[in-house]
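Enquirer:
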Amino acid sequence: MLYIMIYQSELELQPEFDGFNDMLTSFHMYKGKRTGDETVDEENITGIFKGSVRIYRWPQETNDDFVTDRGMPLQNGIFQNYPDNLPVRFLLRVYCVQGLNLRPKDRDGKSDPYLRLTLHDKTINDRENTIPRQVNPVFGKVYEFNGNFPNDHTLRIAIWDSDKGNNDDLIGETEIDIENRFYTKHRAFCGIPDHYAVSSGYCAWRGRQKPTAALLELCRTWGLTDPEYQEDFVRIGMKLFITEDFQRKLDQANCITGLGRIDLCPHVSASEDTDFDREVLALTVLRRWQEMPVVGFPIVPEHVETRSLYNPSKPGIEQGKMQLWIDIFPVTDLPPPNSVVITPRTPEKYELRVIIWNTEEVKLAEDDFFIGERKSDIYIKGWLTDNRDSQYTDVHYKSLTGEGNFNWRFVFPFEYLSTENKLVIRRKESIFAAEETEFKIPCRLTLQVWDNDTLSRDDFLGKGFLSPKGSLSFELSKMPRGARMAKKCTLSILEPNAPRMNLFKARRTKGWWPFKRFDQQLGKDVLQGKLEAELEIVTSEDADKDPAGLGRQKPQALPVPKRPDVSFSWLSNPLRALKFQCGTSSEKMPNLPHLIQMVRNWRIDADDFVQRDAVSTPIITVLPIVEEAQKIIILDDAATSVQEPKDNIFTWWLSSLRSIKNKISFQSASGSCSELQNMLPSKGRKGSNNAEKGPNEPGVCLISESPYRILRIKPK
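Numbering (my numbering), first residue to last: 1124 to 1839.
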């Protein structure tokens, strides 16, 4: 695993580096006296003096052998290791990664940032690479300067907002003292990576000196003996630097790590490439140089620093941050190492195909007017990027058990950035926006089950793949594994510790997943149904070679589901609804005309809405199995003068029954209800006297193949 240090503030502000003032110190030169006001004093700065001041006794009055902080004899002076004050040519590389939380300059809360870099009298204006409508822009740019010390000592990096009609606005800027970084003992001119690699790519060694050369120079600068390399350790004077792998093997073997006992582990062997091993050992020493006695100090690692941006017109107020790093190479006869490519990765194009097969145990939302049972008109809604881009299945009407059959395909094209696990979308935030804005959002699929209402707003039945926090979506890179069968599909599938899978690696999966919804009364999630679905991710190239149609369309058309005969919309199919309401087949809906056929010469009306004397009229109270009772009056055929209700919900039904009266075959017998009484079970009938009971002693029975119960019969 490769690591890179990311500092949350400026590199020179890290406490282990002491501001890089160990070699040179900057002294500001002011015009006039200092006032104590930082803003005023900063405006009065006319120049900077860079140097080093040391005070010590000279000549020495004792014969003691004093040394400098670099281990050199003090009698030769304290500045004997300081560089000559001669021009030094260098190559500067500035890696600008990204901006963070930039202060917006436009009225819509956005900015159009671009970079402008200045090194003394050299300027790079990158306005042509403006990033539109972003306050967190990803630059991914490398800029190079050729300069010389001491003239080119400070780098200024500024972020500007591009305006088409007006002058560009400065968002913020930062300054870096590159001369101090070049001369400091902490080797801030190029960070030391975590691993040594000779191959090309982002892990390649990017310093001018290899680790062995850098370590040798460091030892000679500080007056130490040259490093001695063994197979798995390096000796500098009396200090041993042992590699971590070798130390682990030593600890496991209980070996003594004294100077004369290292050879007690003959099983520890190095690789065949001796030069490579020496570079790895030298890099280990450089990364642990602070362990060196007396002259040890930390060396700057490979890093990215986060610098604050300020605007001179608003001193002291941060205008955002910027992440970057710099490399400084002295110009020699050898060519400089190759730069690191940090161009932002372009998202890859994919296509997500979701086949909605079936649903089970979906909660029923309403009562059916014709059959009196609970039912739902189920359909599935889904989206990947935005709710405005939702796709829908067709409607499975009149589901009495929560089962739905769809065979419907959703197709979602999208762009995916694997390094960030994000979807990349571009759209205009308003109709007045001139440029599209790029957004990076989590790669989540949302599925919902709804109840279709023709004359009112649709009812939301449940939400699919909810997280414990109640979100409506799940990430494709760590989605829950589906159950193989519906009976094994429970809410435990969605638990945080449940098995997960990466659909981008698996490419395809099929199973059952639960819908759930938070019940405020119970204070927990409850199961709202189960969904059988199939998910597949294909690249855009594969999608072009093997396309799939939306819904049940070609290519790869899906079969039409075999739904029950009752699955239709009564509003769009009134004749079909009438057919099923008046049918006599046991495979169709049970209905009250069956009852009319049994009790001859009678017709039906609702006494709750009819004002008449029904004392001598047999009354049958009919109760659906799961609903309130509706009283039905059985009238003789002569009673035809009853005024029909106009505002009654049963008006349409009753008129339909009367219109088909001539089509119903009535039996010609006496006006008794013996056939109806024969339907009563013997336990509730008590012979043939059950019909003689009064209203307070109802008899109860089930009509064959009907969801209604006869509660009370009052004879003429």
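C-beta: ideal position from N, C-alpha, C; glycine also.
#1: Would you decide whether residue 1784 is buried or exposed? Buried here means 16 or more other CB atoms lie within 10 Å of its CB.
#2: Evaluate residue 1498 with the Cβ neighbour count: other Cβ atoms within 10 Å of its Cβ, from every protein chain shown; 16 or more gives buried, anything less gives exposed.
#3: Counting C-beta neighbours from all protein chains within 10 Å, is the total for residue 1296 16 or more, i.e. buried, or is it exposed?
#4: Within the same chain, show all residues whose beta-carbon is closer than 8 Å to that of residue 1362, passing over the 5 residues directly before and after it, in chain order.
#5: Whose C-alpha, out of 1596, 1552, 1454, is nearest the C-alpha of residue 1505?
#6: Which value, in whole angstroms, describes the spacing of the CA atoms of residue 1621 and residue 1600?
#7: DSSP beta-bridge partners for residue 1268?
#8: Have a look at 1274, 1285, 1266, 1214 and flag the residue whose alpha-carbon is nearest the alpha-carbon of residue 1251.
#9: Residue 1242 to residue 1549, Cα distance in whole Å?
#10: Any idea what DSSP makes of residue 1605, helix, strand or coil?
#11: Under a Cβ-count criterion, where at least 16 other Cβ atoms within 10 Å of its own Cβ denotes burial, should residue 1516 be classed as buried or exposed?
#12: Taking the straight line between their C-alpha atoms, what separation do you get for residue 1558 and residue 1255?
#13: Let me make sure I understand the geometry here. Which of 1452, 1523, 1624, 1431 has the alpha-carbon closest to that of residue 1221?
#14: If you draw a straight line from the alpha carbon of residue 1166 to that of residue 1350, how long is it in whole angstroms?
#15: How many angstroms separate the CA atom of residue 1435 from the CA atom of residue 1642?
#16: What are the boundary residues of the alpha helix (DSSP H) that residue 1306 is part of?
#17: Let me know the secondary structure DSSP gives residue 1138 once reduced to three states.
#18: For residue 1337, which of 1404, 1274, 1138, 1287 has the nearest alpha-carbon?
#19: Below 8 Å, how does it come out for the region 1449 to 1462 and the region 1479 to 1490: are there three or more Cβ pairs, yes or no?
#20: What do you reckon, are the CB atoms on residue 1239 and residue 1283 nearer than 9 Å?
#21: Measure the C-alpha to C-alpha separation of residue 1126 and residue 1427 and round it to an integer number of angstroms.
#22: Between the Cα of residue 1366 and those of 1318, 1437, 1198, spot the shortest distance and give me the residue it belongs to.
#23: Unbroken beta strand (DSSP E) runs of length 3 or more, entirely within the region 1394 to 1426: which are they?
#24: Kindly indicate which residue of 1566, 1656, 1665, 1556 has the alpha-carbon position closest to the one of residue 1543.
#25: When DSSP builds the beta bridges, which residues end up paired with residue 1568?
#26: Go through the region 1240 to 1268 residue by residue and report every complete run of the beta strand (DSSP E) that reaches 3 residues or more, in order.
#27: Measuring CA to CA, which of 1237, 1271, 1247, 1269 is closest to residue 1259?
#28: If you check the beta carbons only, do residue 1277 and residue 1299 fall under 9 Å apart?
#29: Quick one: using the 10 Å Cβ neighbour count with 16 as the cut-off for buried, is residue 1281 buried or exposed?
#30: Just to confirm before moving on: does the CB-CB distance between residue 1423 and residue 1134 stay below 9 Å?
#31: Let me make sure I understand the geometry here. Which of 1573, 1682, 1463 has the alpha-carbon closest to that of residue 1266?
#32: Could you name the residues that DSSP lists as bridge partners for residue 1315?
#33: Jot down the residue ranges of each uninterrupted beta strand (DSSP E) in the region 1457 to 1544, minimum 3 residues, whole runs only, in chain order.
#34: Give me whichever residues DSSP pairs with residue 1144 in a beta bridge.
#35: To the nearest angstrom, report how far apart residue 1249 and residue 1271 are at their CA atoms.
#36: Taking just the CA atoms, how far does residue 1637 sit from residue 1792?
Expert: In brief:
#1: Only weak support exists for where residue 1784 lies, its pLDDT of 41 falling under 50; the value from the coordinates is given anyway. Per the 10 Å Cβ criterion, exposed.
#2: buried
#3: Looking at its Cβ environment, which holds 16 or more other Cβ atoms inside 10 Å, residue 1296 is buried.
#4: 1414, 1415, 1416
#5: Nearest option by C-alpha distance: 1596.
#6: 14 Å
#7: 1215
#8: Considering only alpha carbons, the answer is 1285.
#9: 36 Å
#10: coil
#11: buried
#12: Computed Cα separation, rounded: 7 Å.
#13: Nearest neighbour of residue 1221 by Cα position, chosen from 1452, 1523, 1624, 1431, turns out to be 1431.
#14: 51 Å
#15: If you take the alpha carbons of residue 1435 and residue 1642, they lie about 55 Å apart.
#16: 1301 to 1306
#17: helix
#18: The closest CA to that of residue 1337, considering only 1404, 1274, 1138, 1287, is found on 1404.
#19: no
#20: Yes, the Cβ-Cβ distance between residue 1239 and residue 1283 is below 9 Å.
#21: 11 Å
#22: The option with the nearest alpha carbon to residue 1366 is 1318.
#23: Segments of the beta strand (DSSP E) lying fully in the region 1394 to 1426: there are none.
#24: 1566
#25: 1597
#26: 1245 to 1248
#27: Minimum Cα distance to residue 1259 is reached at 1237.
#28: yes
#29: buried
#30: yes
#31: 1463
#32: 1424
#33: 1471 to 1483, 1497 to 1506, 1519 to 1522, 1527 to 1540
#34: Per DSSP, none; premise fails for residue 1144.
#35: 23 Å
#36: At residue 1792, the pLDDT of 33 sits below 50, so the modelled position is not reliable and the matter cannot be decided from this model.
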